[in-house]
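Okay, so here's the structure we're looking at.
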Amino acid sequence: MASNAFLNPVIRNCSQCLVHVPDLAVYGSKPRREILKDSKIERRLVASLRAFDHAVGYAPNQTYIGNLTPDQLAAIPRPWYVADEGVNTSPPHVGPFGEIVSQDLFYAILERANVLTPALVELTAESHEKLNAKLRGHPVLAGLAGGDVGSSMSIEAEIEAETALPLRTGGKLRGGVRRDNRSEGREDANLDAATLLEGLCVKASGTIALQWLLHREGIGPEEIDYVISCGEEAAGDRYQRGAGGIAKSIGEMCGCVNASGMDVKNFCAGPASALVTAGALVKAGLYRNVAVVAGGSLAKLGMKFEAFLERGMPVLDDCLGATAFLVTADDGVSPVLRLEPGAVGLARIGASTSDQAVYRELILKPLEALGLRMSDVDKYAPELHNPEIMEHSGSGDVVHKNYRIIAALAVMDDQITKAEMPSFIERIGMVGFAPTQGHIPSAVPYMGHALEAMRRGELRRAMFLCKASLFLNRLTELYDGVSFMLESNSKLKS
Amino acid sequence: MFGLNEPANLRIMATTFKDGDPSYAGALGGIALGLESYHIFELKDEIPADAWAEEMAFEELEAGDELIDEICQTMRQVREG
Amino acid sequence: MLDAKKVAVFGERDDVTGVAIRKCVEAAGGEVVYEATSCFV
Numbered sequence: 001m002a003s004n005a006f007l008n009p010v011i012r013n014c015s016q017c018l019v020h021v022p023d024l025a026v027y028g029s030k031p032r033r034e035i036l037k038d039s040k041i042e043r044r045l046v047a048s049l050r051a052f053d054h055a056v057g058y059a060p061n062q063t064y065i066g067n068l069t070p071d072q073l074a075a076i077p078r079p080w081y082v083a084d085e086g087v088n089t090s091p092p093h094v095g096p097f098g099e100i101v102s103q104d105l106f107y108a109i110l111e112r113a114n115v116l117t118p119a120l121v122e123l124t125a126e127s128h129e130k131l132n133a134k135l136r137g138h139p140v141l142a143g144l145a146g147g148d149v150g151s152s153m154s155i156e157a158e159i160e161a162e163t164a165l166p167l168r169t170g171g172k173l174r175g176g177v178r179r180d181n182r183s184e185g186r187e188d189a190n191l192d193a194a195t196l197l198e199g200l201c202v203k204a205s206g207t208i209a210l211q212w213l214l215h216r217e218g219i220g221p222e223e224i225d226y227v228i229s230c231g232e233e234a235a236g237d238r239y240q241r242g243a244g245g246i247a248k249s250i251g252e253m254c255g256c257v258n259a260s261g262m263d264v265k266n267f268c269a270g271p272a273s274a275l276v277t278a279g280a281l282v283k284a285g286l287y288r289n290v291a292v293v294a295g296g297s298l299a300k301l302g303m304k305f306e307a308f309l310e311r312g313m314p315v316l317d318d319c320l321g322a323t324a325f326l327v328t329a330d331d332g333v334s335p336v337l338r339l340e341p342g343a344v345g346l347a348r349i350g351a352s353t354s355d356q357a358v359y360r361e362l363i364l365k366p367l368e369a370l371g372l373r374m375s376d377v378d379k380y381a382p383e384l385h386n387p388e389i390m391e392h393s394g395s396g397d398v399v400h401k402n403y404r405i406i407a408a409l410a411v412m413d414d415q416i417t418k419a420e421m422p423s424f425i426e427r428i429g430m431v432g433f434a435p436t437q438g439h440i441p442s443a444v445p446y447m448g449h450a451l452e453a454m455r456r457g458e459l460r461r462a463m464f465l466c467k468a469s470l471f472l473n474r475l476t477e478l479y480d481g482v483s484f485m486l487e488s489n490s491k492l493k494s
Numbered sequence: 001m002f003g004l005n006e007p008a009n010l011r012i013m014a015t016t017f018k019d020g021d022p023s024y025a026g027a028l029g030g031i032a033l034g035l036e037s038y039h040i041f042e043l044k045d046e047i048p049a050d051a052w053a054e055e056m057a058f059e060e061l062e063a064g065d066e067l068i069d070e071i072c073q074t075m076r077q078v079r080e081g
Numbered sequence: 001m002l003d004a005k006k007v008a009v010f011g012e013r014d015d016v017t018g019v020a021i022r023k024c025v026e027a028a029g030g031e032v033v034y035e036a037t038s039c040f041v
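Sequences listed follow chains A, Z and E, in order.
Residues 1 to 494, numbered by the numbering used here, are exactly what the first sequence covers, in order.
Residues 1 to 81, numbered by the numbering used here, are exactly what the second sequence covers, in order.
Residues 1 to 41, numbered by the numbering used here, are exactly what the third sequence covers, in order.
Shown next, in the form of C-alpha cells:
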C-alpha cells in the first residue's frame, strides 16, 4: 500500500517580509552600548536614519521581497544605496513574497503582541487610534488590529521618568515599552524593557510573515497543524532563559487554533534545522501542514552603524527580517525537500572543525548519498548577507567568501580545476541581499526565488547551506552546519 | 597572530599592537606595546606540514594567491614601518 | 620561530578561525595564551 511516509515532503509556499524600524536602531546591541558611553552618538545616529521610501526603494530590499531576482540585483551598479534614490520615487512596498512593513504599522502590531496587564507595550491614545485605523485597512494584516480605545494608563509620564523606553517615529512619540513591573518580574534582568522588546519584535515580525504565508497560500489558519519557530530571541525569565514558546505565541496571534508548536534553535542554521524537522514530521505522517516561521532580531539593528557614520552613509542595517514556510506532503507541483537517508548535510561532532572537513560533511557527503556531483546542483545558497552592509564594516563580502569555499571544495575533490573557480562561482553563485540579522540571512532568503524559478522550469536543484557559529555560546568550540537539497517536482513535467 | 583576510583591517590591527591604536578609539590609543604580529599565512614554513595540510591548505585555496600576497605584504610593511 | 613563544590569536569565522590557528601554533611548539574568533555576520 502506498504511504506518504515514503514520499518526500514539499515546500508548498513561503513568505519573505521586512520591517523597516529605523527608530529602533538605538535599541540594537551595538548602538545601545555606544550611546551609553557617549550620549552624543544618539543624535548622529538618528540624523543618519533612512526614510521609509528609501528603505523600500533599496534594491537589496526589493530583492528580499521578490520584486527583483538576485541576477537583476547583481546587474545594478553599486553603490545601491545611492543608485536607488530618485530612480524610483514610489517603489512598491509589496512584492511577490511579502511586504516591507513601515515602522508605524509595526508599532500597532507590537502593541497587539502584548499579553500582560499592565501592558508591556503601550501606544499613546492618539497613536493607538491612528495606527490601528491604518492597520484595519491593510489587505493582509487587518485581522491583527485592535479596538478603537487604547489603555487608560499614560505611558508619557513613564517615558519622562525614564522608566519606559520610548517608541518614536521621526522624533514624534508613538508609545513606549515597559519592563515587567509585577512583583515576580521586577528584579529579573531578563524581563527589563529592552530584553522584552527583543522578544516582542520577534513575535510581531514573525506574525507578519506567517500572516503573509497564509494569505499567499490561501489557506485558513485553522488548517495549520504545527508551527515551528526559528527566530532570533532568547525569551524567558531568570529560571528559564531562552526556553522558547515563540512558535505558539505567533500561531496564537494568527489564529492557528488547531496547531501546537515548538522552537528550534541552532544559531544561523536554525531555519535549515527547522525546515528539515518540519519535513521529517510531514514525511513521518504525523502532521499535514507544518508552518516554519522566523521573526527578526532587534539586537543586530545598527550593528555596523559606526562604519556608515564614518563614511557619511545612511544607516543601512535598519530592517528586521521575517520569513515563513509551509511544508506539506507531496502535492505533485511544489519543489521537493530531499529527505532520504544521508540527504541532509550536517557536521558530525567527531568531524574535524577545519573548513575543509566541515564542508565535506555539508556538501560532498549528502551529494554522494543522492548520487550527485557538485555540478549537478544549479545554485548553492549560503549565507546571503547584503555585501554593501558587510564590506563597509571590514569583514568583506561574506557571500563571496562562502562561494570561494564551495569552489575550493570542488577543486580539492577534483571536480573542477583551480583556474575554473571564478567561472564555477559565476554559474552556481548569487549576490547577497539579506539584511544584517542573525539567522534569517542564512540561505533561506533564496527560498522564494528558488520556488518561483522551479515552478517556471528554470531551476532544477538548489542546495541550501547554513553554517552555525556554535562557539558563540562559549560552551563548545564546535562549528555546525546544515544543508538540504530542494528539487523541482518531477511530477510537474508529466 | 591574525586570521582575518582583510588587508585594510589587518593594517589597523597590526599597527595597534605595535604603535598603539591609530584611531585613538580603543584602549590602546597612544599606547605602543611594540608587539610584532603576523598573519597565519606568513608562517607556512614554521608550521609542521601535517598540521598545515589539515588546517590551512584549504584556507589557502579559498583566499587565493593574490589576496595572500597582499596580506603578507601588508603585515611586513607594518612590522618594518 | 614559534617554539616556546607565547602567542595571542585573533581568528575570524569567515576566514581563518582561532581554533585553526591555535592548532598550527601548538604543532609548531608555541603556546597560545589568548584565543578569540570574531563573527561579523
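Virtual Cβ for every residue (Gly too), placed ideally from N, Cα, C.
Could you work out which residue in the options is closest to residue i when comparing CA atoms only?
i: A/C230; options: A/V177, A/R238, A/H215, A/G296; result: A/G296
i: A/T69; options: A/Y479, A/M485, A/P382, A/G448; result: A/G448
i: A/G98; options: A/Q16, A/L116, A/K134; result: A/Q16
i: A/S154; options: A/G171, A/G143, A/V177, A/L144; result: A/V177
i: A/K130; options: A/T117, A/A108, A/A280; result: A/A108
i: A/A55; options: A/A434, A/L478, A/L475; result: A/A434
i: A/H128; options: A/R78, A/H439, A/Y81, A/G147; result: A/G147
i: A/I440; options: A/G95, A/V101, A/F267; result: A/F267
Note down, in chain order, each residue of its chain lying with its Cβ closer than 7 Å to the Cβ of residue i, except the 5 sequence neighbours on either side.
i: A/L210; result: I250, C254, A291, V293, A324
i: A/M262; result: I228, G244, A247
i: Z/E80; result: none
i: Z/G34; result: K18
DSSP has residue i in a bridge; who is on the other side?
i: A/P9; result: None, per the DSSP bridge assignment.
i: A/T522; result: Outside the shown range of chain A (1 to 494) lies residue 522 of chain A, about which nothing can therefore be said.
i: A/H385; result: A/A434
i: A/N527; result: No answer is possible for residue 527 of chain A: it lies beyond the span of chain A, which begins at 1 and ends at 494.
i: A/L346; result: A/V482
i: E/G62; result: Given that chain E is displayed from residue 1 to residue 41, the structure contains no residue 62 of chain E and the question cannot be resolved.
i: A/A164; result: A/R178
i: E/K6; result: E/E31
i: A/C466; result: A/V482
i: A/K379; result: A/A462
Less than 6 Å between C-beta atoms, sequence neighbours within five positions excluded: which residues of the same chain meet that for residue i?
i: A/E156; result: none
i: A/I238; result: Before going further, note that residue 238 of chain A is Arg rather than Ile in the sequence given. Excluding positions up to five away in sequence, the list reads D188, N190.
i: A/V336; result: N8, V10, E487, N489
Measuring only the C-alpha atoms, how far is residue i from residue j?
i: A/A322; j: A/P314; result: 22 Å
i: Z/E60; j: E/L2; result: 20 Å
i: Z/E103; j: A/H385; result: With chain Z running from 1 to 81 in the structure shown, residue 103 of chain Z is simply not present.
i: A/N289; j: A/P271; result: 17 Å
i: A/A74; j: A/Y380; result: 16 Å
i: E/A36; j: Z/G3; result: 10 Å
i: A/R50; j: A/P139; result: 25 Å
i: A/A194; j: A/G28; result: 9 Å
i: A/R460; j: A/T436; result: 29 Å
i: A/V121; j: A/A142; result: 19 Å
i: A/H20; j: A/G218; result: 26 Å
i: E/V7; j: A/A269; result: 32 Å
i: A/V276; j: A/V344; result: 8 Å
i: A/S375; j: A/K365; result: 14 Å
i: A/F484; j: A/M454; result: 16 Å
i: A/T207; j: Z/M75; result: 49 Å
i: E/D15; j: A/S152; result: 54 Å
i: A/F308; j: A/I425; result: 29 Å
i: A/H215; j: A/N67; result: 18 Å
i: A/K37; j: A/D378; result: 49 Å
i: A/I428; j: Z/A57; result: 23 Å
i: A/G256; j: A/V327; result: Sequence check: residue 256 of chain A is Cys here, not Gly. Cα-Cα distance, rounded: 15 Å.
i: Z/L28; j: A/I159; result: 38 Å
i: A/E420; j: A/P387; result: 23 Å
i: A/V468; j: A/E222; result: Here residue 468 of chain A turns out to be Ala, not Val, going by the sequence shown. Their Cα atoms are separated by approximately 33 Å.
i: Z/T86; j: Z/N9; result: Past the boundaries of the shown model lies residue 86 of chain Z; chain Z is included only from 1 to 81, so the question cannot be answered.
i: A/A443; j: A/E383; result: 5 Å
i: E/F10; j: E/V32; result: 11 Å
Please go through the same chain and pick out, in chain order, the residues whose beta-carbon is closer than 8 Å to the beta-carbon of residue i, but skip the five residues on each side of it.
i: A/V26; result: R32, I35, E42, L45, V46, G302
**Asked** At a cut of 8 Å, does the region 299-307 of chain A reach the region 178-188 of chain A through at least three beta carbon pairs?
**Response** Proximity of the region 299-307 of chain A to the region 178-188 of chain A falls short of the contact definition, fewer than three beta-carbon pairs being nearer than 8 Å.
**Prompt:** Would you say the region 400-410 of chain A touches the region 276-287 of chain A, given that touching needs at least three Cβ pairs under 8 Å?
**Reply:** Under the three-pair Cβ rule at 8 Å, the region 400-410 of chain A does not count as touching the region 276-287 of chain A.
**Asked** If you pair each beta-carbon of the region 452-466 of chain A with each one of the region 22-36 of chain E, do three or more pairs fall below 8 Å?
**Response** Verdict: no, contact absent.
**Asked** Per the contact definition of three or more C-beta pairs closer than 8 Å, is the region 410-417 of chain A in contact with the region 389-401 of chain A?
**Response** Output reads no: the region 410-417 of chain A does not touch the region 389-401 of chain A.
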